[in-house]
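Peer 1: Before anything else, here's the structure in question.
In our numbering, the protein residues as written are 13 to 94.
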């Protein structure tokens with residue numbers, strides 16, 4: 013049997029970000045909640061997650077510059093969907 017894909021994200025179970033993970037990757041994925049965007053990226057880099065789901069924009073705050081900074085700082089990360 014194939015292991016479920018592990019997806020890290022910033023937020024707690026039940027948060028909007030978890031809903032976005034389920035919508036994009038499907039209910040069968042294993043969710044890896046993290047305290048911050050940096051911690052979510054760290055989970056991917058360290059191999060505790062197979063993918064990371066990060067918001068690029070927020071309807072209230074606009075562009076989330078911290079996420080762009082993480083993408084630049086961690087070479088090898090690629091945007092694969094939206």
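Beta carbons are placed, not taken as given, at the ideal position from N, Cα and C, and that holds for glycine.
#1: To the nearest angstrom, how far is the alpha carbon of residue 78 from that of residue 69?
#2: Residue 68 by DSSP, collapsed to three states: which one?
#3: Compute the distance between the beta-carbons of residue 19 and residue 39, then report whether it is under 8 Å.
#4: Tell me the rounded alpha-carbon separation between residue 46 and residue 24.
#5: Excluding the five sequence neighbours on either side, which residues of its own chain have a C-beta within less than 7 Å of the C-beta of residue 76, listed in chain order?
#6: Can you name, in chain order, every residue of its own chain whose Cβ lies under 7 Å from the Cβ of residue 52, other than the five neighbours on each side?
Peer 2: Taking the definition as stated:
#1: 11 Å
#2: coil
#3: no
#4: 7 Å
#5: 67, 68, 69 and 70
#6: 20, 21, 22, 46, 64 and 66
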